[in-house]
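>
There are 2 protein chains.
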Amino acid sequence: MTSYPDGALAMLKARGYRVTKPRRLVLEALDQARAPLSPYEVAQHLRLVGERADAASIYRIFHTLEANGLVHRIIANGKYRKCQLAPEDECERHQTQHCHHSLVCRVCGRIEEFHCPGLNLVEQAIAAQTRFAIESHALEFAGVCDQCHAH
Amino acid sequence: MTSYPDGALAMLKARGYRVTKPRRLVLEALDQARAPLSPYEVAQHLRLVGERADAASIYRIFHTLEANGLVHRIIANGKYRKCQLAPEDECERHQTQHCHHSLVCRVCGRIEEFHCPGLNLVEQAIAAQTRFAIESHALEFAGVCDQCHAH
DNA sequence: TTCACTGCAAACCTTTTGCAATTCT
DNA sequence: AGAATTGCAAAAGGTTTGCAGTGAA
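Chains as they are written, first to last, in my numbering: chain H, 1 to 151; chain X, 1001 to 1151.
(1) Closer than 8 angstroms, CB to CB, is V144(H) near chain X or not?
(2) Does the Cβ of A1010(X) have 16 or more other Cβ atoms within 10 Å, making it buried, or fewer, making it exposed?
(3) List, in order along the chain, the chain X residues whose C-beta lies closer than 8 angstroms to that of E41(H)?
(4) Need the endpoints of the alpha helix (DSSP H) that F1062(X) sits in, please.
(5) Can you tell me the Cβ-Cβ gap for V107(H) and V144(H), rounded? I've got them flagged as a contact below 8 angstroms.
(6) Any residues in the region 1109-1133 of chain X with a beta carbon nearer than 9 angstroms to a beta carbon of chain H? Which ones, in chain order?
(7) R52(H) to Q44(H), Cα distance in whole Å?
(8) Using CA atoms only, rank isn't needed, just tell me which of L1119(X), G1016(X), H1072(X) is closest to L1027(X).
(9) On a CA-only basis, which of T130(H), E140(H), H149(H), C148(H) is nearest Q1147(X)? Give me that one, please.
(10) Quick one: what does DSSP say K1079(X) is sitting in, helix, strand or coil?
(11) Could you pull out every residue in the same chain whose Cβ sits closer than 8 angstroms to the Cβ of Y80(H), ignoring the five residues on either side in sequence?
(12) Indicate whether L1121(X) and H1137(X) have their beta-carbon atoms separated by less than 8 angstroms.
(13) What do you reckon, are the CB atoms on A1008(X) and L1085(X) nearer than 8 angstroms?
(14) Can you give the Cα-Cα distance for T20(H) and A33(H), rounded to whole angstroms?
(15) Give me the Cβ distance between N68(H) and R18(H), rounded to the nearest whole Å; I'm assuming they're in contact under 8 angstroms.
(16) Look at the alpha carbon of S102(H) and the alpha carbon of K1013(X), and state the distance between them as a whole number of angstroms.
(17) Which residues, in chain order, does the region 1021-1032 of chain X contribute to contact with chain H at a C-beta distance below 7 angstroms?
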């Protein structure tokens, strides 16, 4: 099994991007992070770890990663989280069809994602009630996660 | 029927806040806006209309309004929208029990809110699948509204 | 070698804070 | 008059941009 950084860099390379040290550093930071990170936070984190990359570069890297479906934004706070890397040719589909269903812990900030089969019903209800053409959705539950709940 | 600015100011006054010009200006801007606004945008908007209020004050005003349930944040972009003012004694309940169900138009940015009865089922599914204790939720659909869809 | 990418520097936009002046009640 | 609130100024925080230099292919 290849790691997230390796897989992501391989995918970028296959698409004509270059494999660089700053890109690897960002991907590793995301891979290790428990909670989502902003580009700025990645910059700070790297200094803490004795590495460094320019903040401006990190922003550019995040744009590239997002455009290639390797990270996605958490709507609640605008921060980024690594994406699950789909095997080979599923990449394309995975990249364009993100579902953001998150459980955001108020205490530790950690974010779980969950599969949500029931949402289709809600979408159908909307369609029945309004003339709004739904293209995507975002659903977030805030609360307290298992670990924090146990004090 | 009292207007949103009047109602909101009355509620603030009843709670010991003062009725000031900057507060009225912010409330009027929110009342007239089609799309949600950030504090900074309100500051800009006011200049356009020949009025003015200090940006720092507007930020403080938004904090007060949010703390009193008179505005709420749109999760997708962090901007603010006026709340429906509940009649009299329902204020308290309305203030604490916000449900954010929005239809965000990709084209014009306008936001509709909708009532969503089906979401309880989704919450129950989460409860059954995880040990996460849900406190609140946010659900947003992005797409194209009726008006924009008709070119 | 070549061109994508990074680092640097500067500017910009947004938000926050302290303090003195204002203005509601 | 007294206290809450505003305006001002300054700083902090976060993000973007142009350009010259670097390094991956």
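For each residue, glycine too, the CB sits at the ideal point set by N, CA and C.
Put simply:
(1) In the first sequence, counting from the first residue as 1, residue 144(H) sits at position 144. Taking Cβ atoms only, chain X reaches closer than 8 angstroms to V144(H), which makes this a yes.
(2) As a position in the second sequence, residue 1010(X) is number 10, starting the count at 1. A1010(X) is exposed by the Cβ-count criterion.
(3) The sequence position of residue 41(H) within the first sequence is 41, counting from 1. By Cβ distance, chain X contributes nothing, its closest Cβ being about 17 angstroms from E41(H), past 8 angstroms.
(4) The residue you call residue 1062(X) lines up with position 62 of the second sequence. Where F1062(X) is concerned, the enclosing alpha helix (DSSP H) stretches over 1055-1067.
(5) Position 107 of the first sequence, counted from the first residue, corresponds to residue 107(H). Position 144 of the first sequence, counted from the first residue, corresponds to residue 144(H). Yes, V107(H) and V144(H) are in contact; Cβ-Cβ is about 6 angstroms, under 8 angstroms.
(6) E1112, F1114, H1115, C1116, P1117, G1118, L1119, L1121, V1122, E1123, Q1124, A1125, I1126, Q1129, T1130, R1131, F1132, A1133
(7) The residue labelled residue 52(H) in the question sits at position 52 within the first sequence. The residue labelled residue 44(H) in the question sits at position 44 within the first sequence. Each residue's Cα considered, the two are about 8 angstroms apart.
(8) Here residue 1027(X) is taken as the residue at index 27 of the second sequence, counted from 1. Closest by alpha carbon: H1072(X).
(9) Walking along the second sequence from the start, residue 1147(X) turns up at place 147. Minimum Cα distance to Q1147(X) is reached at T130(H).
(10) Taking the second sequence and counting its residues from 1, one reaches residue 1079(X) at position 79. K1079(X) falls in the coil class under three-state DSSP.
(11) For the purposes of this step, residue 80(H) is identified with residue 80 of the first sequence, where counting begins at 1. Correct list, in chain order: L30, P36, L37, S38, P39, F62, L65, E66, V71, H72, R73, I74.
(12) The residue given as residue 1121(X) occupies position 121 in the second sequence. The residue given as residue 1137(X) occupies position 137 in the second sequence. The answer is no: Cβ separation not under 8 angstroms.
(13) To locate residue 1008(X), count along the second sequence from 1; it is residue 8. To locate residue 1085(X), count along the second sequence from 1; it is residue 85. Cβ distance < 8 angstroms, so A1008(X) and L1085(X) count as in contact.
(14) Within the first sequence, residue 20(H) is the residue found at index 20, counting from 1. Within the first sequence, residue 33(H) is the residue found at index 33, counting from 1. Those two C-alpha atoms are separated by around 20 angstroms.
(15) Against the first sequence, residue 68(H) aligns to sequence position 68. Against the first sequence, residue 18(H) aligns to sequence position 18. Actually they are not in contact, since the Cβ atoms of N68(H) and R18(H) sit about 13 angstroms apart, beyond 8 angstroms.
(16) Here residue 102(H) refers to the residue found at position 102 of the first sequence. Here residue 1013(X) refers to the residue found at position 13 of the second sequence. Distance between the alpha carbons of S102(H) and K1013(X): 39 angstroms.
(17) none
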